[in-house]
Amino acid sequence: MTVKAASGQGFAAGTLNRSSPPLRDHALALLGRYGIYLFFVGFLLLAGLLAPSFFSRSNLSNLILQIVPLAIVACGQALVILVRGLDLSVSSVMATAAVAATSFSGHDADVLPIVLVALAIGVMTGLLNGFLVVRRNVSPFLATLATMIVLQGLRFGWTHGAPSGLMPPLLRVIGSGTWGFVPVNLLVLVAVAVPLATVLHKTTVGRRIMITGGNPLTGRLLGYRTDALTIGAYVVCSMLAAVAGLVLGGYAQIVDNWVGKGFELDSIVAAVLGGFALSGGRGTIGGALAGSAVLVLASNIVLLIGLPIQFQIILKGLVIVFAAACYAKR
Amino acid sequence: IRDTATYKKAPPYVIGFSNAGLGDSWRVVALDEIKQGAQDHKDVIKKLIITDAGHDDAKQVSDVQDLVSQGVDLLIVSANTEKALDPVVTRAMKRGIPVIMLDRRIASDHFVTYVNASDPMMGRLWAQWIVEKLHGKGNIVILAGQAGSSPSENRMNPALEIFKQYPDIHILDTVYSDWSPVKAKQVMQAVIAKYGHSINAVWSAHGLQVPGSIEAFREAGFKPGEIPMHTTADVNGPLKMAVQYKVPMLEVGDPPAQYRLAIGVALKVLSGAPVPCVVTVNSQIAVTPGDETPSVKGDLPFKDMIVPNGADDMLITNDLGPDYTPSTAHIEYPH
Amino acid sequence: MLLVSGVSKSFPGVRALSDMQLEVREGEIHALVGENGAGKSTLTKIIAGVQPPDTGELRLDGKPVHWSGPAAAKAAGIHVIYQEFVLFPHLSVAENIFVGAMPRTRLGLLDHAAAERSAAALMARLGVSIDPRRPASELSVADQQMVEIAKALVERPKLLILDEPTAVIAGKEVEALFERLRRLRDEGVAIIYISHRLEEIFEICDRVTVVKDGQWVATTPVSEVTRDRLVSLMVGRDVAQLFPPRPAGLDAATAPVVLRAENVRVGHRVRGVSLELRGGLITGLAGMVGAGRSELAMALFGGLSMDGGSVTIGGATYTRMIPARAIALGMGFVTEDRKSEGLAMLQDVGANISAATLHDVTSGPFLDRARERTMAQADIAGYRIACRGPGNAVSTMSGGNQQKVLIARWAHTCSRVLILDEPTRGVDVGARTEIYRIMREIAARGVAILMISSELPEIVGMSDRLYVMREGVLTGLLERDGITEERVVDLATHARQAA
Amino acid sequence: MSSTTISGKPAVRRPLTPATARFLMIGMLMAIIVAIGALVADRFLRPANLANVFEQATDLALVALGQSLTVLTGGIDLSVGSLISLLSVLTSGLIDGNGAMVLPVCAGVILLGVLVGTLNGCGVVLLKIHPLIVTLGMGAVLQGVALLYTRSPVGGIPDGFDSIAYGRIGGLSVGGIAVLLIFVAVAVLLRRTATGRAIYAVGDDRHAATLLGLKVRRVTILVYAASGLFSALTAIYLVARFGSGQPYTGADYTLSSVTPVVVGGIVLSGGRGNVLGTLLGAYLLALLNNLLNFLHVPTQIQLVAEGLIIMAAVAVHVEREKRA
Ligand SMILES: Nc1ncnc2c1ncn2[C@@H]1O[C@H](COP(=O)(O)OP(=O)(O)OP(=O)(O)O)[C@@H](O)[C@H]1O
Ligand SMILES: Nc1ncnc2c1ncn2[C@@H]1O[C@H](COP(=O)(O)OP(=O)(O)OP(=O)(O)O)[C@@H](O)[C@H]1O
Ligand SMILES: [Mg+2]
Ligand SMILES: [Mg+2]
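Chains as they are written, first to last, in the working numbering: chain A, 5 to 334; chain B, 23 to 357; chain C, 173 to 671; chain D, 49 to 372.
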C-alpha cells in the first residue's frame, strides 16, 4: 500500500512538471473571466475623456438609475441562459407588471398588493415558459416568444389599448428617488443581485443549476430535480422582470404599453457580454451586472458627446460585437 | 370641394376602418370616438368593421385588402405611415371604393377626403410661440416622437423651418422619446446633464412624453419656476405639472373627436353629397397665464382644461362626456 | 509513407506531445499504444490536420506537408476513425457513409437512391444489416461504429487511422473489421491502429509504437515483443498482475443480498430480469453489445423508468426508482458514456467529485469550497488522478483520468451498491489495474458491485458471480469456478448461432 | 450483390418522418381555419380572398427563407429586420421614381444585402461569437445607418414597379408565385446538392463536419449571405408594396421571421427540417390573420390567438431539441 501511494505521488509530480502553461493561455483565460470588467473600466475612462460632464455626480446617478432596471432583468436572463434557455418574454412581463401597478388607486397603500400582483404575473409567466420548455420540449426561443405575444394581447385586453392611472408615490421614489446622490433603485438591485449571486455561486442549489445547465442528463442522474431547477430559473427570471417593470414604471410617473421595450434582447446581450455562454453552465452574476452597465454606458456616451441618435444605435451594435469578439467566445 | 356622386349608395352601409394601431391613450380614445360615431348613426350603418395593424405597415396593407375582400362600401384609413399605405389605398380607390383618410393620411391624394387636425399647424404654432417667448434668441431641445413616424416628422419639420429663420435660435439637440414618458426621461436626463441651465425651451411633439421631461428637470435640481418652457398636446399630466412647477406651457390639442366626425363625413360621401378635400378639426389652444405672445393666445383659460383629479395620461380633448374613461368605457356599435 | 518527426503540442496546462516521432509504411498495420493521456489521439488529430503542431514536421511520401485543416488532410488521402464518433445524428446512414462523396445523377444532382443501394451493399460486406435510410442517431453504439468503419472503406484512403475502433463492438463485428483491415493492408493502404486491447495488437498489427507521456518510447515489430514487455514499456514499470486476487475468505454463497431485482422490464430492451447483488462481491453482467445491460443498469438506478418489476434494497421494495432515491439508498452509478451522462464538462474536478454528495461539502446553507478541495485532493492522491489539482476543468483531461473522477464521485455515495457500466472503456493498462484495485477496495467495504463489461478477460477475471444477458433476458448465472470465457460466450451468443 | 438488394430494402417502412408529420399538422390547422372562415363569412372562400392571402404571405415567407437556412446550420440571423429597413430606404431613395435606375439600384441593393450577410457570416466564423450576438450587433449598426440615410420615408418608385407586389398572373400575385418557385428551387438544392447537404451536416454536428473535411466556414458564410440576399429581395418587394422605403419598415421581421421557420418544423438547434415547412408556416400565419380580420376580433385577441397558434404548432411536437 505504502509503495503504491509513493508512486502515486511521483506520478502526480510528473504531471505537474509536464504542465508549463504558456503565459498567453493564462492571459486568455483571465480575459474570458474578467474581460467584461476590463471593458467596463476602459469604457468609464473613455467616457470621462470624451465628455467632461460624464463624471458629474448627477450624470453618474442618472446612469445608475438607468442601469438598474436592465441589470435586474439581465440577472434573471442570466439564470435562464445558465440552464440553456432564453427568455424573450421579459419585456412583456415588465410592461404587464407596470401596467398592473397603475391599475390601482395610485396610493401608497396599494404598493403591497401591486408587488404581489406583479410577482404573481411573473410566477405565472415563468411557469408557463418553464412548462413549455421542460415538459413540451418547445425551444425556449419560441416558447417565450409565444408567451410574449400572448401576454401582450392580454395586456391590451386589460387596458383597452393603453394603460392609464398613476404609480403610487412610493414606487416612484423606488424607481427614481435618490438619497444624496445614491439612487434608491440601487437598493433594489442589491437586494436582488446579492442573494442571487450568493445562491448561484455559494450554495448547493447554485451548483446544481450550474451542473444541470452544463449537462442536463448528468444532472438528472445525480438525482437533481432538473425539471424543477429549470422551471425555477424561468420563474425567477420572470419575477425579476416583473420587479424591473415596477422599478422602470416608477422611474417615470406615467406608464405606457411598452415599458421595457427592447429589454428582451438587451438583457440577453448584457448576460452574454458578462460571460454567460448560450450553451449553458457558465457565467457569474457580477458579469451580468457589468454587461448591463456597458450597454447603458454606450448610449450615454453618445448622448453626452452630442452625436445624433443614429450613432447611439450604431455604437451599441459595435460595442456588442467588439466586446463579444474580445472575450465572449461561444 | 369634391364631388362624390359616383359613390352614392342606398343604406344600410358596411364601413371598414383600418386603424394603424393602439398603444397610447390618445389612440384608444380615438377608437372609442369612431365607435361612438357608428353608434350615433346605427340607423344607416349596418356594420363598422375595425381592423388594427398594431403599427405594422405590412399588416395594415393586408388589413385593407381584407376589408376590401369583405365587401365594404367605404373605407376609413388611419395610415400607419403615409407612404406605405399609398399603393394599397390608391388601388382601393381605383376599384371604386371611396376612402377617407383619418388623422394620418397617405402621401398621394388618391382619397376622397382627409379628416384631421393639422400636424404642421401644431408644430408651427408651438415653434412660433417659443420663438416669440424667447424674443428670437435662445437654446432649444427638440423632444420628438418616434424617428420616422409621420405625426412626429410632420410636426417637427415645419417647426424647424421656423426656427431656421432666427439665427440666434440654437437647436441643442434632437432626441426621440418614442412617445414614451419613460424613454423621454432617460434621454432628457442625458441632455440636461450636458446642457444644464442653458436649455431655454423644450419643443415637444406631443404631451405623452412631456411628464418624463419635466421629471428629468426636477430630478436634476430645477426648482419650480426654473424649468424651461414646454409645448404639449392633449394630455392632462403636463398641464397639472405646468401649474404645480410653474412651467410655461403651450397646449395645442389634437382632438380625437375627429374620429367621430369621420363617420359623419363618410355618410355624406355615401349619400353623394360633396365634401371638402380636407376636413380640419379645430385645435383647442391654451397657454399658461402670462405666457401669451402676440400671435398665440389661448381659446380657453388654462385652468379650465385641467382635470385636477384625472389621471396624468387622461385625454382632455375627447367629447365622450364627463364620465368617460377609456378603461371602463364600453361603447356599443353595429358590428 | 508517413513520417512524423519532432512534433510537440501543448494545451493550456498540458504538454500533450513532445518531440514525438512515428514512421508508418505502406501496406502495414501499425499499432500505437500508450496509457490514457499519452497523446495518441492528439497525434492522430495532428496527422489529420485537426490541430496544428506547435513544432515538428509531417512528411507524406517524403514531402513535408502543412495542413490548413482537416479538409486538406482528407484531400491527401488520410482518413480517420476518431475515438469519439463523428456522425451526423439526423442524416441517414447512407448520407453519413458518403458524406462529401455522394453519387450523382447525370444532371449533377445527388442520387440518394444510388447512395442507399451502395451503402446497403457495403454494410452487407461488413456483415451487418442496417437500413441505410435510418438516421444515425437511432442506431446502437455498435452499429454507429460500423457506419464509421464503412465510411472509411468508401474513402479508399492512402492512410487510415483507427482510434480505438473496437471499444464498442465485439465478436462478429470485430472479426469482420479485422478481415477488412487485412484486405486493405494487402492492397497497400497504410493503417494506424490504436487500441487498449493488447490481444488485438498481437492479432492484426505488424509493428507497434509505444508512446508515454507524449514521448516516443519504442517502435518494434509485433513479433519481437511480448505482452508483458509492451505493458512495461507503456507504463514504465512492471505490471505483474492485472487483476487483483480475490480476497480470501469471501464466500459468494453466504454474502448478504444487498439488492434484489425482480422481473424488471424496460420497453422491449429488458424483458423481465431478476438478479441479486451481494455485499462485498463483484457481480459481473456480460453480454453482447445491445443485449440491454445498460438499460437494466439505468433502470436499477432510476435513470430509466421500469415498465414492470421491482427493486428491493435496504429492506424496502420499490416499483418506481428515481436517481435521487437511489443515491439516498446508497447506490452509485458510473455510466457508460462519461461525456454525455457522467461528467459536468465545464466544471472542475472538485465540483465533479462532490456533485453527488453536495451535502457533505456544505456548512449551513453554503458550499464549503475548502472542504470540497480537501475532499478532491484526497481522491486525486488516492486514485492517482493526473491533473493540476481540484481546480482543473475535466474537459481538458484524458479519458482514463475522467473515468477516475467519476468513480471517485460515486465512491462517496455507494454505501450499498455501485454499478459500473464499462468502467474501463478507453482506459489504458496502467489505469485499468488501478480501477480494478479501487473496485476491490470498495467491495471490501461491504458494497455490492455490479460491473458491466464487453471485454471477456476483464469480466471473467474480475467477477465473483457473473450473470449473462442476451436480448433482454438473463441466460445464466455463473459462480466462481464456473466462470470461464467459453461459458460466457456460449450463453451470450447461443441463440444467435442457433438462429 | 443479390443479398445487398434484400438488406437494402428496409424491413419496415418508417411510418412518418417528422417533416411529414409537421406538414400534416400545418395542413390540419389550415383546414380548421378555412372551415371556420367558410362558416362565418361566405366571402372568405372566394378566390379573390384566397389570392389575397397567398399574396400577403410573400414578404414573411421570403425573409423566413433566409432565416431557415441560418437556422438549419444551427445559427440565427437577427439582423434581417434592420437590413430590410436599410435596403428598403436605399431602394426607393436611390430609384426616386426614375425608371432607368430600377435595374442598377436593385442589383446594387441585392449585392449589398449579400455583402452584409457575408459580413455576418464572417463574424460568426472568424470572431467565433454566437450568431445571435453577431447579428444583433450588426442589426443595430444597420438600423443606425438607415436612420443616418433618412429619418422619414424617402423616394419613390416608377410606374409599373409595384406590379412586383400587386401584379397578378391568372389571379395570383406575381411576387407570391415567384416566392413559391424560389422555395421549391431552394428545397431541391438543399436535398440534391452537396452544398445543400453540407448545410444540414453543419447544423447537425458542426464539429463532426469540420473533422470530416466539409467546408464548414464556407457553408456558414454562405447561409448568412443567402439570408442577406433574401432580405434584399424582401426589401425590394416591400418597396414595391409600399411605394417607398422607410427606416423602420423591417423592424418587426427580426423576431417574426423566426416564427414560420419553427412552426414549419425546422429545429432551432439545426440540422433538421424542411424549407417547404417554412412556406407552409408563412401561409398558415397569413391565413390566420385573414380569418381574424373576418371574425372582427379585436387586436388583443388577435395577439393571443397568434401566440397560442405558435404554442400549439410546436408544443404538440414531441421531438427532442438539443438546445436553444
Ligand atoms: N483540447 C484539449 N485541451 C486541453 N488538453 C487536451 C486537449 N486534448 C487533449 N488534451 C490533453 O492532452 C493529453 C493527451 O491526450 P490524448 O487524448 O491525446 O491522449 P490519448 O493517448 O488519446 O488517451 P486515451 O487513451 O485516454 O484516449 C491529455 O493530458 C489530455 O488531457
Ligand atoms: N434498435 C435500437 N434502437 C435504438 N437504440 C438502440 C437500439 N439498439 C441499441 N440501441 C442503443 O444502443 C445502446 C447500447 O445498447 P444497450 O445499452 O442495450 O447495450 P448493452 O448491452 O448495454 O451494451 P453496451 O453497454 O456494451 O453498449 C443503448 O443506448 C441503446 O439505447
Ligand atoms: Mg485517445
Ligand atoms: Mg450499454
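Don't be surprised by glycine CBs; every beta carbon is placed ideally from N, CA and C.
Identify which residue in the options has its Cα closest to the Cα of residue i.
| i | options | result |
| --- | --- | --- |
| S140(B) | G93(B), D190(B), N304(B) | N304(B) |
| N222(B) | F239(B), S84(B), I98(B) | F239(B) |
| R278(C) | G272(C), V271(C), A286(C) | A286(C) |
| K11(B) | M144(B), E183(B), Q187(B), D74(B) | There is no way to answer for residue 11(B), as the model of chain B reaches only from 23 to 357. |
| S220(B) | I236(B), L194(B), E237(B) | L194(B) |
| G259(B) | P233(B), G275(B), P250(B), V83(B) | P233(B) |
| N346(B) | V36(B), V51(B), S84(B), E175(B) | Checking the sequence shown, residue 346(B) turns out to be Tyr, not Asn. Of the listed residues, the one whose Cα sits closest to Y346(B) is V51(B). |
| H157(B) | D313(B), L53(B), H228(B), T28(B) | D313(B) |
| P172(A) | L146(A), Q316(A), V259(A) | V259(A) |
| F231(D) | V315(D), R91(D), A105(D), A79(D) | A105(D) |
| G602(C) | V660(C), L402(C), L646(C), R297(C) | L402(C) |
| R305(C) | E288(C), R187(C), M318(C), G299(C) | E288(C) |
| L97(B) | I72(B), A80(B), H352(B) | I72(B) |
Residue i and residue j: beta carbons closer than 9 Å?
| i | j | result |
| --- | --- | --- |
| R170(C) | V445(C) | The requested residue 170(C) is not part of the displayed model; chain C covers only 173 to 671. |
| A330(D) | A96(D) | no |
| V577(C) | I557(C) | yes |
| A337(A) | A78(A) | Not covered by the structure: residue 337(A). The range shown for chain A is 5 to 334. |
| T455(C) | I621(C) | yes |
| G126(A) | A237(A) | no |
| Y217(B) | V269(B) | no |
| R232(C) | A248(C) | The residue you asked about is not Arg; residue 232(C) is Leu in the sequence shown. Closer than 9 Å, so yes. |
| Q115(D) | V306(D) | yes |
| L204(C) | V383(C) | yes |
For residue i, which residues in the same chain have their Cβ closer than 6 Å to its Cβ, ignoring the five residues on either side in sequence?
| i | result |
| --- | --- |
| S136(D) | A283, L286, V287, G293, T297 |
| A264(B) | M271, T310 |
Tell me which residues share the same chain as residue i and place their Cβ nearer than 7 Å to its Cβ, disregarding the 5 neighbours each side in the sequence.
| i | result |
| --- | --- |
| E594(C) | E508, I624, S625, S626 |
| L319(A) | A302, V306 |
| Q156(A) | S96 |
Within its chain, find whatever has a CB closer than 8 Å to the CB of residue i; leave out the 5 residues flanking it on each side and keep chain order.
| i | result |
| --- | --- |
| P25(A) | Because the pLDDT of P25(A) is 44, which lies under 50, any placement of that residue in the model is unreliable, and the number read from its coordinates should be weighed accordingly. Cβ neighbours of P25(A) beyond the five flanking positions: none. |
| R22(A) | In this prediction, R22(A) has a pLDDT of 37, which is less than 50 and means its spatial position is unreliable; what the coordinates show is noted afterwards. Cβ neighbours of R22(A) beyond the five flanking positions: none. |
| V297(B) | I23, R24, T26, V134, T135, V287, K290, V291 |
* Asked: How about the segment 239-259 of chain A and the segment 536-547 of chain C: do they share at least three Cβ pairs that are nearer than 8 Å?
  -> no
* Between the segment 236-244 of chain D and the segment 334-351 of chain D, do at least 3 Cβ pairs fall closer than 8 Å? -> no
* Against chain D: residues of the segment 248-267 of chain C by CB proximity under 7 Å -> Y254, V258, L259, F260, P261, H262, L263, E267
* Decide yes or no for the touch test of the segment 149-159 of chain B against the segment 208-217 of chain B: beta carbon pairs closer than 8 Å, at least 3 of them. => no
* Using Cβ-Cβ distances below 8 Å, what residues of the segment 207-222 of chain A are close to chain C? -> T207, T208, G210, R211, R212, M214, I215, G218, N219, L221, T222
* Asked: For the segment 284-311 of chain A, which residues have a beta carbon sitting closer than 9 Å to at least one beta carbon of chain C?
  -> G284, G285, R286
* To do: Check distances from the C-beta atoms of the segment 231-265 of chain A to those of chain D and list, in chain order, the residues that come in under 7 Å.
  => none
* Between the segment 308-329 of chain B and chain D, which residues of the former have CB atoms less than 9 Å from a CB of the latter, in chain order? -> none
* **Validate contact between the segment 460-472 of chain C and the segment 637-649 of chain C using beta carbons, cut 8 Å, 3 pairs** => yes
* To do: Give the residues from the segment 81-95 of chain B that approach chain D closer than 8 Å (Cβ to any Cβ), ordered along the chain.
  => K81, V83, S84, D85, Q87, D88, L89, S91, Q92, G93
* Contact list for the segment 555-572 of chain C against chain D, Cβ threshold 8 Å -> none
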